[in-house]
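J.: This is the structure I want to talk about, given as structure tokens.
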Ligand SMILES: NC(=O)c1ccc[n+]([C@@H]2O[C@H](COP(=O)([O-])OP(=O)(O)OC[C@H]3O[C@@H](n4cnc5c(N)ncnc54)[C@H](OP(=O)(O)O)[C@@H]3O)[C@@H](O)[C@H]2O)c1
């Protein structure tokens, strides 16, 4: 079985915390990073069946891994969660802030702002806390580090129903740039990945309805949905030394979806 990706050999042995590894993109990232030889701390919130599946997949690929739960709505628990994650392999080389909630709500239906607050907590405040703890821990021991934030195209171009989600992802991208600026001096790189439409367990039923798939895919110059493996490969690149000169950037991977403006289609 292949345990070292020929594309990113420097990732072999790197210790990476991936949040939200129990399904979807996080599970795909874990699989690609396991193939690159990373040692993985796999975070989940509630999906025990999903995280067990991810754990089995990565260990069958030869990766060392440990699973850690945490509910990021409980922001007080983030420091001790981070300390536990740091101790698993006596340090971490990389942090992938992937966990997120994909909330959809008309703002007028969320006047108390509960959904807005929860979305900001999980998608923005938790990555802030994890990033600052990670950067501080690296700084203390003068070790280089790398952070990848899983953002979204909604951070750049969005639509109705997504006030909370889009705000959280635009905030994540803005925060990423400041962290890249502040922490470059400590040899810590920080970038965002901005995925477009990537079918995951949560969305398979909707996105693979033929009419829905046609509507989406026709709008993508690349002619297909993204895959969790696409996102895993992009994450591996951002974590690797191949991206050594890249910090403070948003890597958009959306099959070209938001490159096209609202011009009429031309024959
Ligand atoms: N799929 C797409 O098309 C797409 C596009 C752009 C961006 N993204 C981003 O990709 C990331 C992963 O999303 P996904 O599509 O792969 O969805 P997903 O399969 O639903 O995964 C979401 C992950 O976040 C975790 N999570 C949810 N609530 C949490 C909480 N309160 N505390 C801690 N962790 C929590 C989940 O853990 P449990 O299930 O264990 O509770 C799960 O592991 C998100 O940040 C999302 O915004 C996805």
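In this note's numbering, the protein residues as written are 31 to 297.
Where is the CB? At the ideal position from N, CA and C, for every residue including glycine.
Residue 57 and residue 258 look like a contact to me (Cβ under 8 Å); what is the Cβ gap, rounded to whole Å?
T.: Position 27 of the chain shown, counted from the first residue, corresponds to residue 57. Position 228 of the chain shown, counted from the first residue, corresponds to residue 258. Rounded, the Cβ-Cβ distance is 7 Å, consistent with contact.
J.: Which residue from 140, 39 and 296 puts its Cα closest to that of residue 191?
T.: Counted from its first residue, the chain shown places residue 191 at position 161. The shortest C-alpha separation from residue 191 is found at 140.
J.: Quick test of your reading: residue 256 and residue 227, contact by CB under 8 Å. State the CB separation rounded to the nearest angstrom.
T.: By 1-based counting over the chain shown, the position of residue 256 is 226. By 1-based counting over the chain shown, the position of residue 227 is 197. With a Cβ gap of about 6 Å, residue 256 and residue 227 count as contacting.
J.: Below 8 Å, how does it come out for the region 172–182 and the region 232–245: are there three or more Cβ pairs, yes or no?
T.: The region 172–182 is not in contact with the region 232–245.
J.: With residue 209 as the anchor, note down where its alpha helix (DSSP H) starts and where it stops.
T.: To locate residue 209, count along the chain shown from 1; it is residue 179. Note, residue 209: alpha helix (DSSP H), 193–213.
J.: When you compare only the Cα positions, how much space is there between residue 164 and residue 297?
T.: What you label residue 164 is simply residue 134 of the chain shown in a count that begins at 1. What you label residue 297 is simply residue 267 of the chain shown in a count that begins at 1. For residue 164 and residue 297, the distance between alpha carbons rounds to 52 Å.
J.: Using 8 Å as the cut-off, can you tell me whether the region 276–285 makes contact with the region 73–82, which would need three or more C-beta pairs spanning the two stretches below that distance?
T.: No, the region 276–285 does not touch the region 73–82.
J.: Among residues of its own chain, excluding the 5 on either side of residue 30, which ones have a beta-carbon nearer than 6 Å to its beta-carbon?
T.: Residue 30 falls outside the range modelled here, since the chain spans only 31 to 297, and no answer is possible.
J.: Can you check whether the CB of residue 95 is closer than 9 Å to the CB of residue 64?
T.: Within the chain shown, numbered from 1, the residue matching residue 64 stands at position 34. Within the chain shown, numbered from 1, the residue matching residue 95 stands at position 65. Yes, the pair counts as a contact, with Cβ atoms nearer than the cut-off.
J.: In the DSSP output, what is residue 73 paired with across the bridge?
T.: In the chain shown, the residue the question calls residue 73 occupies position 43. Answer by DSSP bridge pairing, in chain order: 98.
J.: So is the beta-carbon of residue 227 under 8 Å away from any non-hydrogen atom of ligand 1?
T.: For the purposes of this step, residue 227 is identified with residue 197 of the chain shown, where counting begins at 1. For ligand 1, at least one heavy atom lies less than 8 Å from the Cβ of residue 227.
J.: Got a sec: does ligand 1 put a non-hydrogen atom nearer than 8 Å to the Cβ of residue 53?
T.: By 1-based counting over the chain shown, the position of residue 53 is 23. At least one heavy atom of ligand 1 is nearer than 8 Å to the Cβ of residue 53, so yes.
J.: Please report the residue range of the beta strand (DSSP E) in which residue 223 lies.
T.: Reading the chain shown from its first residue, position 193 is the one you call residue 223. Residue 223 -> beta strand (DSSP E) spans 218–225.
J.: Measure from the alpha carbon of residue 160 to the alpha carbon of each residue in 244, 85 and 46, then state which is nearest.
T.: The residue you call residue 160 lines up with position 130 of the chain shown. Per the Cα distances, 46.
J.: Taking just the CA atoms, how far does residue 195 sit from residue 34?
T.: Locating residue 34 in the chain shown gives position 4, counting from the first residue. Locating residue 195 in the chain shown gives position 165, counting from the first residue. Residue placement at residue 34 is poorly supported in this model, since its pLDDT is 46, which falls under 50; the coordinates still yield a value, given next. So the alpha carbons of these two residues sit roughly 36 Å apart.
J.: Would you identify the three-state DSSP class for residue 147, choosing helix, strand or coil?
T.: Against the chain shown, residue 147 aligns to sequence position 117. Of the three classes helix, strand and coil, the one that applies to residue 147 here is helix, per DSSP.
J.: Looking only at C-alpha atoms, which of 271, 146, 224 and 48 sits nearest to residue 187?
T.: In the chain shown, the residue the question calls residue 187 occupies position 157. The shortest Cα separation from residue 187 among 271, 146, 224 and 48 belongs to 224.
J.: May I ask you to list the residues that DSSP assigns as paired with residue 45?
T.: In the chain shown, counting from the first residue as 1, residue 45 sits at position 15. Answer by DSSP bridge pairing, in chain order: 69.
J.: Return the CA-CA distance between residue 100 and residue 52, expressed in angstroms with no decimal places.
T.: Residue mapping note: residue 100 aligns to position 70 of the chain shown, counting from 1. Residue mapping note: residue 52 aligns to position 22 of the chain shown, counting from 1. Looking at the two C-alpha atoms, the distance is approximately 12 Å.
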